[in-house]
Amino acid sequence: ALVTTTEMFKKAYEGKYAIGAFNINNMEIIQGIVDACKVKNSAVILQVSKGAMKYAGPRYLKAMVDAAVAETGLDIALHLDHGPDLATVKEAIDAGFTSVMIDGSHLDFEENVRITKEVVEYAHSKGVVVEAELGILAGVEDDVHAEEHVYTDPDQAVEFVERTGVDSLAIAIGTSHGAFKFAGKPDLKFHILEEIQKRLPGFPIVLHGASAVSQEHVAMCNEFGGNIKGAQGIPVDMLRKASAMAVCKINMDTDIRLAMTASIRKAFADKPDGFDPRGYLGAARKEIQALVEKKIDEVLGSANSM
Ligand code: G3H
Ligand code: 13P
Ligand code: ZN
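Residue numbers (full-length UniProt numbering): 2 to 307.
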C-alpha cells in the first residue's frame with residue numbers, strides 16, 4: 002500500500018536495518034527500484050525533489066507510484082525530498098505524498114524550528130509525516146552550496162525534536178550530496194550519531210548524501226565517452242554500520258544517476274545503429290534494479306521487511 006514511514010521506521014529501528022530512499026524522476030527509475038524491492042520483498046521510500054517535481058510533475062509521479070504499488074503490492078512511501086518552504090510542502094501533500102521533508106538546515110536554529118513547526122502542524126493535520134534537517138552537509142543542496150560541514154549538535158537535536166514534534170531528523174555527520182564526497186580519506190562522525198541515539202532513543206534518524214559512488218559505474222561512464230574524475234562516495238561498511246544504529250532512512254540519488262548514465266552510455270556504444278529508446282532505457286532500468294538489489298543486501302539490510 003501507499004503508506005507513511007511511521008511503521009517502516011519502527012520496524013527498521015528495532016530490526017537494526019534502514020529503509021532505502023531513492024530519488025525518482027521518471028518511469029524507468031521507479032520501475033527499476035520497485036522491481037528490485039519486489040525481488041527482495043523490501044519496503045521502500047520513493048522521494049521527489051523540487052527539481053523532480055518541476056521535471057516530471059507531481060501528479061505524473063504520484064500516478065506512477067500508485068501503479069507501482071498496484072503492480073508490486075509493496076509498502077511504498079512517497080516523500081518530498083528537501084522541501085524548501087510550506088508552499089512546496091502543500092503542493093506535495095495536495096498531490097497525495099505521504100511524507101514530506103522541510104529543509105531548514107541553512108536557516109538559523111530558531112528560524113528552522115519555526116518553519117519546521119509550521120510544516121508539522123499542517124502535515125499532521127493531513128495525516129502526513131515530516132522529516133526535518135539540522136546541521137549542514139558540505140556540497141550542493143539544490144541551489145545552496147556549503148563549503149564546509151556543520152555537524153549536528155546532539156543537544157540542539159534533542160531540543161529541535163522536542164520543540165517541533167517532527168517525525169524524523171536528518172543529521173550532518175560528514176556525508177554530502179553528489180559524486181565528490183571526500184577529497185581524501187572517507188570519515189563519518191559516528192560518535193555524533195551515537196550521542197544523538199543515546200539522547201533520543203527510538204527516534205528515527207535520516208542520512209542524506211549516502212551514495213557509495215560505485216567505481217564500476219564511474220569507470221563504465223568513462224569507458225564509453227564520459228569524463229568523471231575524482232568521484233568518491235561513502236564506503237559500504239560505514240553505511241551498513243549506520244543502518245544498524247538509529248539511521249532508519251538512507252538517501253541515495255547519485256548512485257541511481259551513475260547506474261543509469263553508465264548503462265545508457267554502454268548501450269549507445271554497443272549498438273551505434275540503434276535508436277529505439279526502449280533499448281537503452283530498458284538497459285538502464287535493469288542496471289538500476291541490480292543496483293538497488295545490491296543496496297538492500299549490502300547497505301540497508303531491508304530484505305523481507307514487508
Ligand atoms: O539532494 C538532492 C537530490 O540528489 C535531488 O537532486 O534536486 O537535482 O533533483 P535534484
Ligand atoms: P547522494 O547524492 O549521495 O545520492 O544523496 C542523495 C540525497 O541525499 C537526496 O536527498
Ligand atoms: Zn539530501
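Glycine is no exception: its CB is placed at the ideal position from the N, C-alpha and C atoms.
How would you call residue i, buried or exposed, if buried means at least 16 neighbouring beta carbons within 10 angstroms?
i: Ala258; result: Note that residue 258 is Arg in the sequence shown, not Ala. With 16 or more other Cβ atoms within 10 Å, it is buried.
i: Ser126; result: exposed
i: Leu108; result: exposed
i: Arg266; result: buried
i: Pro85; result: buried
Per the DSSP calculation, residue i is bridged to which residue(s)?
i: Phe23; result: Leu47, Met253
i: Gln233; result: Phe181
i: Leu292; result: The partner list for Leu292 (beta bridge, DSSP) is empty, contrary to what the question assumes.
i: Ser100; result: His80, Val130
i: Leu3; result: Ile77
i: Ala147; result: Gly140
Could you tell me the boundaries of the beta strand (DSSP E) in which residue i lies?
i: Ile206; result: 206-208
i: Glu134; result: 130-135
Residues in its own chain within less than 7 Å of residue i by CB, not counting five upstream and five downstream?
i: Lys272; result: Gly280
i: Gly231; result: Phe181
i: Ala57; result: Asn26, Asn27
i: Lys190; result: Tyr152, Ile174, Gly175
i: Val219; result: Ile229, Ala232, Leu259
How is the alpha helix (DSSP H) around residue i delimited, first residue to last?
i: Glu224; result: 216-224
i: Ile297; result: Taken as a continuous stretch (DSSP letters only), Ile297 belongs to no alpha helix (DSSP H), as it is neither H nor E.
i: Ser126; result: 110-126
i: Leu170; result: Not the alpha helix (DSSP H): Leu170 falls in the beta strand (DSSP E), residues 169-172.
i: Ile192; result: The question names Ile, but residue 192 in the sequence shown is His. Run containing His192: 191-200, per the alpha helix (DSSP H) assignment.
i: Leu247; result: Per the sequence shown, the amino acid found at residue 247 is Ala instead of Leu. Counting along the chain, Ala247 falls outside any alpha helix (DSSP H), and DSSP gives it neither H nor E.
i: Pro155; result: 155-165
i: Met307; result: From DSSP, Met307 is part of no alpha helix (DSSP H); its letter is neither H nor E.
i: Lys39; result: 28-41
Ignore the nearest five residues each way along the sequence and tell me which others in residue i's own chain have a CB closer than 6 Å to its CB.
i: Asp254; result: Asn24
i: Gln216; result: none
Run through the region 49-92 for me and flag every whole alpha helix (DSSP H) of 4 or more residues, listed as ranges in chain order. 51-57, 59-73
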